[in-house]
Structure formats: structure tokens, C-alpha cells
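Colleague: Below: one structure in C-alpha cells.
Protein chains: 2
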Amino acid sequence: MEPSPPVAGDLPELVRDLPSWLLTQTAAYAHRLVGDGLAEIGARRYHYRVLAALAEDGPMSQADLGRRAGIHLSDMVATVNELAEQGHVERTPDPKDRRRNVITLTGPGQHQLQILAHRVARIQDDLLAPLAPAEREVLTDLLRRLLAYHRD
Amino acid sequence: MEPSPPVAGDLPELVRDLPSWLLTQTAAYAHRLVGDGLAEIGARRYHYRVLAALAEDGPMSQADLGRRAGIHLSDMVATVNELAEQGHVERTPDPKDRRRNVITLTGPGQHQLQILAHRVARIQDDLLAPLAPAEREVLTDLLRRLLAYHRD
DNA sequence: TCGGCAACGTTAGCGTCACCAACGATTGCG
DNA sequence: CGCAATCGTTGGTGACGCTAACGTTGCCGA
Numbered sequence: 001m002e003p004s005p006p007v008a009g010d011l012p013e014l015v016r017d018l019p020s021w022l023l024t025q026t027a028a029y030a031h032r033l034v035g036d037g038l039a040e041i042g043a044r045r046y047h048y049r050v051l052a053a054l055a056e057d058g059p060m061s062q063a064d065l066g067r068r069a070g071i072h073l074s075d076m077v078a079t080v081n082e083l084a085e086q087g088h089v090e091r092t093p094d095p096k097d098r099r100r101n102v103i104t105l106t107g108p109g110q111h112q113l114q115i116l117a118h119r120v121a122r123i124q125d126d127l128l129a130p131l132a133p134a135e136r137e138v139l140t141d142l143l144r145r146l147l148a149y150h151r152d
Numbered sequence: 001m002e003p004s005p006p007v008a009g010d011l012p013e014l015v016r017d018l019p020s021w022l023l024t025q026t027a028a029y030a031h032r033l034v035g036d037g038l039a040e041i042g043a044r045r046y047h048y049r050v051l052a053a054l055a056e057d058g059p060m061s062q063a064d065l066g067r068r069a070g071i072h073l074s075d076m077v078a079t080v081n082e083l084a085e086q087g088h089v090e091r092t093p094d095p096k097d098r099r100r101n102v103i104t105l106t107g108p109g110q111h112q113l114q115i116l117a118h119r120v121a122r123i124q125d126d127l128l129a130p131l132a133p134a135e136r137e138v139l140t141d142l143l144r145r146l147l148a149y150h151r152d
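In the order they appear, the protein sequences are chains A and B. Numbered according to my numbering, the first sequence spans residues 1 to 152. Numbered according to my numbering, the second sequence spans residues 1 to 152.
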């Protein structure tokens, strides 16, 4: 379902300790944990992002939603299709602007978001299992700063 | 050349602060930095890993090399092809075992490895730019522990 | 000694993720 | 009023790591 992370147990020294290597490897595990965890209940990462955005900001056009959730416009089509099929969102034409679809979170969608959020939270715990609470704080803080820096 | 990292400037709260999100996002930037940096001189990540493995352990079969560098057997074909075309490795049939190719690092290959290693080191610096030396240590330590844990 | 199993290298193809290009339909600005 | 921009949609790209299949070659036990 998800590609496994690279099995590299013990790479060359010149690679093993590179921060970029450590980052991409741990990210691969994180990615798989989340992907598998969501797949178990028939969901995807994109679903979670979209539902979260809708819950926080209310109904909006497909394009706005994509921007809000960091999902490419052309990938929104399938994502909204899937969520609509599952009954978690509704896609209705905007009468005020007939180019647009308005995407609305349904009741079941709100419930699904809770389920996904709960599951995702548990996965974070699995991910950070070997770290003490204070260390988890340190890690997320460092990553947040790195991310902010590179986002410019 | 490389897919850009997700542009998500300001995702929903339910996503923004997840460790798995921070990890995969920073990893995406790291990945792109390295990929772009190597592409500028006509190299790939795989090239660096293969050359590093050869430099450390000497000539070996294509399969062993793949295992050592954490590269799938079926991806080794193209990788070795490219490196051989560039004259950085040599692929010779093993007279002792005619199933095998023995891959050898050439002189120019050693030189190329130095170039790549230097470039990669500079990229690590770009990546960690916003962090103080001590913080960099903390980050790599935490990541190393995460990785060791999930590798089981 | 030889029959079958295992390893090697190779080709082909998949699935995910994020992307780009192009298109018709619609809107809104100058 | 016409032209540019936006919206949703389709189809395709490229990197990455994977699986499946196949012919060749080596090895080991009966």
C-alpha cells in the first residue's frame, strides 16, 4: 500500500551521519507510519488535510481549499471526489460564481475528522516513542525553526 | 529537475505542528537541496552513495554494492550505467563467478567522490543554517535515535 | 555426478507525491 | 465589449522505492 522505507541498515560513513540523510530517513518512517495508519481506515493524508482545513475555516471553493491545505489544484479533483463518495464533504456548484464548486464539511465528515485526528495523534506517539517529552519538544522546536527558515 | 517541496506556508492547525508533518516537510527541503546541488554537477544521490561505498569497502559485485549503499538491485543497473558512462566506475565481469559484475572505483571516480562529498557538506551547512552548532548536534542526535528505534 | 535450488543482473512496470500544461467554461476588469 | 484571469478538470511527468519475471550461472546434497 505504502512503499516501505529504505532498508538501509548501515550505510557508508560518508552518508550515515549526514543531517540530510537522517532527516529524509526518519521522514520516510514517519511518512509510512502515517500513510499506513490512515490507510487502515480507508483514508489518505490529503483527506486529513482537507477535512482539517474545512473544519477550521468553513466551506470554501475547491481552489481555496487546495491553497489552504497545501494541495495542488489538479490533485484536489480526486481528493474531493473520494471524500464526497465517502460522504464526508459535499461538492455543490456556487450559484454566485458558476466556475466554482463550494466544498462543505458534512456531519459524518466532522466525525471522520475526529477519528483521523485521534489516529494521527497516536501515530505521533509511536513515531516519537524513544524520546522523552522534553526531547520531543526540543525536536519539534528545532524542526519548526528549520522549516520557517527554508520557507523564506 | 527535482520536484519542489510543498509550498504549504500555513496549513491548518491540526496539521501544522504534527511532528510527522515537520519531519516530512523539512526532509522535503533537505531532499531538494541535496538533489538540486548534485544535479548542478550532473550527479544524483545514488551516485554519491555508490561512490562512497566503493571508496570505503573497495570493489564488489553489483548486488553487494546495492546492499551496501541501500539501493535496490533493480535500480543499480541504471546507477552503475550512469557512473560507468561518466568514467567514475568500471563494470567488469567477474571471472570467478560469471553471474557477477565487479564494480571498481576509478581514479576519476575518487576525484568525483571528493567533489560530491564537498558539495554535500556545504549543503548540510545550508540546511542547518539557522541552528547553532550545539543545536545541530542535538538535532542529529535525536534523529539518530529515532532512526535506530524504528529500524528495529 | 547431476538435479534442483539459490543468487545474479536485467527489464519492465507499479504507486505515491508533487508538479506542469492545456483546455473549456466563466467571470470581471479596463 | 473584449481580453485577461480564474476555476475545475484531464492527462502526463519525474524521482523514488518497490515487485515480478526471466535467463544465466553457481553450488550443494542425494
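All C-beta atoms in this analysis are idealised placements derived from N, C-alpha and C, irrespective of residue type, glycine included. Everything numeric in this text was worked out from a predicted model, so none of it was measured.
Determine the contact status of Val50/B and Val120/B, defining contact as a CB-CB distance below 9 Å.
Modeller: no
Colleague: Residues of chain A with a CB under 9 Å from the CB of Glu13/B: which are they?
Modeller: Ala52 and Glu56
Colleague: To the nearest angstrom, report how far apart Ala153/B and Ala134/A are at their CA atoms.
Modeller: Residue 153/B lies beyond the residue range present for chain B, which begins at 1 and ends at 152; the question has no answer from this structure.
Colleague: Please compile the residues from chain B whose C-beta is within a distance smaller than 9 Å of the C-beta of Leu73/A.
Modeller: Simply none; closest approach about 12 Å.
Colleague: Starting from Glu90/A and walking both ways along the beta strand (DSSP E), at which residues does that stretch end?
Modeller: Val89 to Pro93
Colleague: Any beta carbon of chain B sitting closer than 9 Å to that of Val102/A?
Modeller: Answer no: the Cβ-Cβ gap between Val102/A and chain B never drops below 9 Å.
Colleague: How long is the line joining the alpha carbons of Ser74/A and Asn101/B, rounded to whole angstroms?
Modeller: 44 Å
Colleague: Mapping the DSSP letters down to three states, classify Ile103/A as helix, strand or coil.
Modeller: strand
Colleague: Given a threshold of 16 other Cβ atoms within 10 Å of its Cβ, counted over all protein chains shown, does Arg68/B qualify as buried or as exposed?
Modeller: buried
Colleague: By alpha-carbon positions, which one of Gly37/B, His31/B, Tyr29/B and Leu18/B ends up nearest to Ala30/A?
Modeller: Checking every option, the nearest Cα to that of Ala30/A belongs to Leu18/B.
Colleague: So which residues on chain A does Arg145/B lean against when the C-beta distance must stay under 9 Å?
Modeller: Pro130, Leu131 and Glu135
Colleague: Measure from the C-beta of Pro95/A to each C-beta in chain B and report whether the shortest distance is under 9 Å.
Modeller: Not an interface residue.
Colleague: What residue range is occupied by the uninterrupted alpha helix (DSSP H) comprising Ala30/B?
Modeller: Pro19 to Ala39
Colleague: Going by other Cβ atoms of all chains shown within 10 Å of its Cβ, with 16 needed for buried, is Ala43/B buried or exposed?
Modeller: buried
Colleague: Rounded to whole angstroms, what is the Cα-Cα separation between Arg144/A and Arg98/B?
Modeller: 52 Å
Colleague: Relative to the C-alpha of Gly58/B, which candidate in Thr92/B, Gln25/B and Thr104/B has its C-alpha closest?
Modeller: Thr104/B
Colleague: Just checking Gln112/A against the ligand FMN - is the residue's beta carbon closer than 8 Å to any of the ligand's heavy atoms?
Modeller: Here there are no bound small molecules, and the ligand FMN is not part of this structure.
Colleague: Which residues in the same chain as Ala52/A place their Cβ atom closer than 7 Å to its Cβ, once the five residues preceding and following it in sequence are excluded?
Modeller: Leu113
Colleague: Hey, is Ala43/A's beta-carbon within less than 9 Å of any beta-carbon in chain B?
Modeller: no
Colleague: Tell me the rounded alpha-carbon separation between Leu116/A and Met60/B.
Modeller: 47 Å
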